[in-house]
Amino acid sequence: MTISGNAAQTDPATAMEKSIPALEPGRIIAIGGAKGGVGKSIFAANLGTFLARQGKKVVLIDLDLGGANLHLYMGVWALKHRINDFLDKKVAGLEEIAVRTPHGPLLIGGGSSRLGAPNLPFVRKLKLIRAVKKLSADHVIIDLGGDTSFNILDFYLAADTGLVMTTCDPASYMDAYIFIKMGLYRRLARLFGPESGWHKLKDDTVKRIIADFLDQPGNTNGHGIGHLLERIGSEAPSKAYLVKNAIESFRPRLLVNMAKSPSETRDLVTRLRKVALRMLAVEVEFAGALPPDPKVAQSAHDLVPDVAGNPDGVLAGFLGGMCRKLI
Ligand SMILES: Nc1ncnc2c1ncn2[C@@H]1O[C@H](COP(=O)(O)OP(=O)(O)OP(=O)(O)O)[C@@H](O)[C@H]1O
Ligand SMILES: [Mg+2]
141 MTISGNAAQT DPATAMEKSI PALEPGRIIA IGGAKGGVGK SIFAANLGTF
191 LARQGKKVVL IDLDLGGANL HLYMGVWALK HRINDFLDKK VAGLEEIAVR
241 TPHGPLLIGG GSSRLGAPNL PFVRKLKLIR AVKKLSADHV IIDLGGDTSF
291 NILDFYLAAD TGLVMTTCDP ASYMDAYIFI KMGLYRRLAR LFGPESGWHK
341 LKDDTVKRII ADFLDQPGNT NGHGIGHLLE RIGSEAPSKA YLVKNAIESF
391 RPRLLVNMAK SPSETRDLVT RLRKVALRML AVEVEFAGAL PPDPKVAQSA
441 HDLVPDVAGN PDGVLAGFLG GMCRKLI
């Protein structure tokens, strides 16, 4: 079982907290980041291929419902079935639309060719999230689109491990910060939703205070999460642990792709971590920095994951280190 939201292992102190289900770190891995073109899909394809080459059962899922292209990066030109077939009940289970890719992982392809495809109604999204959590695999890797729509945030929060990808460009790392902030706010907004591990601990006072906080632009823009914690502390002190737990266990992992010099990367990571801690009380973990690699760029053109054709290359070495740390 997993809790709702990529998270660190919590240390439950009370009987209530013990009812929060345990995590399986690294089983469901989501790759997010609010900017397009930073390398999320190509990274997902390579991470999946890398883990499959290590003998793991891997399912890749393209949940970039507005711009699905993961199948291409996996060398699959035409998809017989897409996620919409599952949502439209043309098939009974997600497994039925998974195809074996030439490089090992199974793939559940997304579909963006229908008007409104990315705008999933809540009930359909819940059905999809539940089906993703039930998939039988060592690792389920979710590729996401580059924005902060509710659907993307909810898919991200459904994962056990959430990566946030950025480059060293200001537009990209500012968007990465916004993605982290929106991820946290969505996690709080959905704290007692049916998809949440805290669902059974629903508390109306906490819910109202969170809703008030998120409704006030002054709170969410200027003062950060401190305001929320103060109010919960004074109006619902016995339930403050719920919100603290939800914040502390939200652990986005920052991944810098096409990183520039080590000093520029270090400055970016240090700044972003500092701001996230001060404004959001969120510990952002640094998952690593990947340099620009002409072989990776070429593999995006050739539609063969770099680690398949180049198992001793820079990307494979990077993934080995990252997986040892995160999975
Ligand atoms: N490490 C890298 N070195 C060189 N080029 C890279 C690297 N990572 C990604 N790229 C380049 O970035 C391009 C965009 O990658 P990708 O499609 O994975 O981005 P994305 O974040 O998934 O975008 P979107 O949000 O639009 O789906 C690729 O075509 C590839 O050429
Ligand atoms: Mg993509």
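Our numbering puts the first residue of the sequence shown at 141, with every later residue one more than the last. Using N, Cα and C, we set each Cβ at its ideal position, and we do this for glycine too. Being a predicted model, the structure only gives us computed values, none of them experimental.
For L246, which of helix, strand or coil comes out of DSSP?
In the sequence shown, counting from the first residue as 1, residue 246 sits at position 106. Three-state DSSP puts L246 in a strand.
Helix, strand or coil for E423 per DSSP?
The residue given as residue 423 occupies position 283 in the sequence shown. Look at E423 here: in three-state DSSP terms it is coil, with no helix or strand label.
In chain order, what residues of the same chain lie with their CB nearer than 8 Å to the CB of C383, ignoring the 5 residues before and after it?
Counting from one through the sequence shown, the residue named residue 383 turns up at place 243. What sits at residue 383 in the sequence shown is Val, not Cys. Here the set comprises L328, L331, V346, I350, L368, L369, I372.
Check the DSSP bridge columns for H279 and list the partner residues they point to.
Here residue 279 corresponds to residue number 139 of the sequence shown, with the count starting at 1. Its beta-bridge partners are V198.
Quick one: grab the DSSP three-state call for G179.
Position 39 of the sequence shown, counted from the first residue, corresponds to residue 179. Residue state, collapsed to three classes: coil.
For N397, which residues does DSSP report across the bridge?
Locating residue 397 in the sequence shown gives position 257, counting from the first residue. Paired residue(s): L430.
Return the first residue and the last residue of the beta strand (DSSP E) that G302 is part of.
Stepping through the sequence shown from its first residue, residue 302 is reached at position 162. Residue range 301 to 306 is occupied by the beta strand (DSSP E) that includes G302.
Any heavy atom of ligand 2 closer than 8 Å to the CB of L210?
Position 70 of the sequence shown, counted from the first residue, corresponds to residue 210. L210: yes, Cβ under 8 Å from ligand 2.
Kindly indicate which residue of I182, A399, G166 has the alpha-carbon position closest to the one of A440.
Counted from its first residue, the sequence shown places residue 440 at position 300. Residue I182 is the option with its Cα nearest to A440.
Short of 7 Å in beta carbon distance, which residues of its chain neighbour T405, apart from the five on each side in sequence? Order them along the chain.
Your numbering for residue 405 matches position 265 in the sequence shown. Residues C308, V396, A399, A429 of the same chain have their beta carbon placed closer than 7 Å to that of T405, with the five preceding and five following residues left out of the count.
Does the beta carbon of H243 fall short of 8 Å from some heavy atom of ligand 1?
Residue mapping note: residue 243 aligns to position 103 of the sequence shown, counting from 1. Not under cutoff, so the answer is no.
For T410, count neighbouring Cβ atoms within 10 angstroms of its own Cβ and tell me buried if that reaches 16, exposed if not.
Walking along the sequence shown from the start, residue 410 turns up at place 270. Exposed is the label assigned to T410, since fewer than 16 other Cβ atoms lie within 10 Å of its Cβ.
The beta strand (DSSP E) with I169 in it runs from where to where?
Taking the sequence shown and counting its residues from 1, the one referred to as residue 169 is at position 29. Element bounds for I169: 168 to 172.
Let's see if you can read the secondary structure: which residues bound the alpha helix (DSSP H) around T405?
Here residue 405 is taken as the residue at index 265 of the sequence shown, counted from 1. For T405, the enclosing alpha helix (DSSP H) stretches over residues 402 to 415.
Considering only heavy atoms of ligand 2, does any lie closer than 8 Å to the CB of D287?
For the purposes of this step, residue 287 is taken as residue 147 along the sequence shown, with counting starting at 1. Every heavy atom of ligand 2 is 8 Å or more from the Cβ of D287, so no.
Would you say the beta carbon of K175 comes nearer than 8 Å to a heavy atom of ligand 2?
Counting from 1 along the sequence shown, the entry for residue 175 is found at position 35. No, ligand 2 has no heavy atom inside 8 Å of this Cβ.
Measure the alpha-carbon distance for E236 versus I292 and round it to whole angstroms.
Numbered from its first residue, the sequence shown carries residue 236 at position 96. Numbered from its first residue, the sequence shown carries residue 292 at position 152. Their backbone Cα atoms lie some 23 Å apart in a straight line.
Tell me whether K340 is buried or exposed, calling it buried when 16 or more other Cβ atoms sit within 10 Å of its Cβ.
Position 200 of the sequence shown holds residue 340. By the neighbour-count rule (16 or more Cβ atoms within 10 Å), K340 is not buried but exposed.
Is there at least one non-hydrogen atom of ligand 2 closer than 8 Å to the beta-carbon of G172?
Residue mapping note: residue 172 aligns to position 32 of the sequence shown, counting from 1. No, since every heavy atom of ligand 2 falls outside the 8 Å radius drawn around the Cβ of G172.
Between the CA atoms of L394 and P161 - distance to the nearest angstrom
Residue numbering aside, residue 161 sits at position 21 when the sequence shown is read from its first letter. Residue numbering aside, residue 394 sits at position 254 when the sequence shown is read from its first letter. Bear in mind that the predicted position of P161 carries a pLDDT of just 49, short of 50, making it too unreliable to give a figure here.
Would the beta-carbon of S439 be found less than 8 Å away from any heavy atom of ligand 2?
Start at 1 with the first residue of the sequence shown, and residue 439 comes out as number 299. Short note on S439: C-beta not closer than 8 Å to any heavy atom of ligand 2.
For F458, the three-state DSSP class (helix, strand or coil)
On the sequence shown, residue 458 is found 318 positions in, with the first residue counted as 1. In this structure, DSSP gives F458 a helical state, which the three-state scheme calls helix.
Could you check if P392 is buried or exposed, using at least 16 other CB atoms within 10 Å of its CB as the buried criterion?
Position 252 of the sequence shown, counting from 1, holds the residue named residue 392. Buried, by the Cβ-count rule.
Proximity below 9 Å, CB of D534 to CB of R270
For the chain, the structure presents residues 141 to 467; residue 534 sits outside this window and is missing.
Whether G302 touches G179 by CB criterion (9 Å):
By 1-based counting over the sequence shown, the position of residue 302 is 162. By 1-based counting over the sequence shown, the position of residue 179 is 39. It is not a contact, given that the beta carbons lie outside the stated cut-off.
For the structure I just gave you, are there three or more beta carbon pairs, one from the region 182 to 191 and one from the region 448 to 461, closer than 8 Å?
With contact defined as three or more Cβ pairs closer than 8 Å, the region 182 to 191 and the region 448 to 461 are in contact.
When you compare the CB positions of T288 and A174, do they come within less than 9 Å of one another, or not?
Residue 288 sits at position 148 when you count from the first residue of the sequence shown. Residue 174 sits at position 34 when you count from the first residue of the sequence shown. Yes, Cβ-Cβ distance for T288 and A174 is below 9 Å.
Note the first and the last residue of the continuous alpha helix (DSSP H) segment covering M322.
Residue mapping note: residue 322 aligns to position 182 of the sequence shown, counting from 1. Start and end: 310 to 329.
Beta-carbon contacts of I387 that lie in its chain and below 6 Å, excluding the five residues immediately before and after
Here residue 387 refers to the residue found at position 247 when the sequence shown is read from its first residue. Contacts found: A421.
Across which residues does DSSP place F226 in a beta bridge pair?
Stepping through the sequence shown from its first residue, residue 226 is reached at position 86. F226 is not bridged to any residue.
Selected residue, minimal CA-CA separation from M214, among V231, S336, F190, L205
For the purposes of this step, residue 214 is taken as residue 74 along the sequence shown, with counting starting at 1. The shortest C-alpha separation from M214 is found at F190.
Check for me: the alpha helix (DSSP H) holding D452 runs from which residue to which?
Start at 1 with the first residue of the sequence shown, and residue 452 comes out as number 312. It is not in any alpha helix (DSSP H) - D452 carries neither H nor E in the DSSP assignment.
Can you name, in chain order, every residue of its own chain whose Cβ lies under 7 Å from the Cβ of H211, other than the five neighbours on each side?
One-based indexing of the sequence shown puts residue 211 at position 71. Cβ neighbours of H211 beyond the five flanking positions: D202, L219, L247, G249.
Find the nearest neighbour of C463 within the set K196, G177, G176, judged by alpha-carbon distance.
Here residue 463 refers to the residue found at position 323 when the sequence shown is read from its first residue. That would be K196, whose Cα lies nearest to the Cα of C463.
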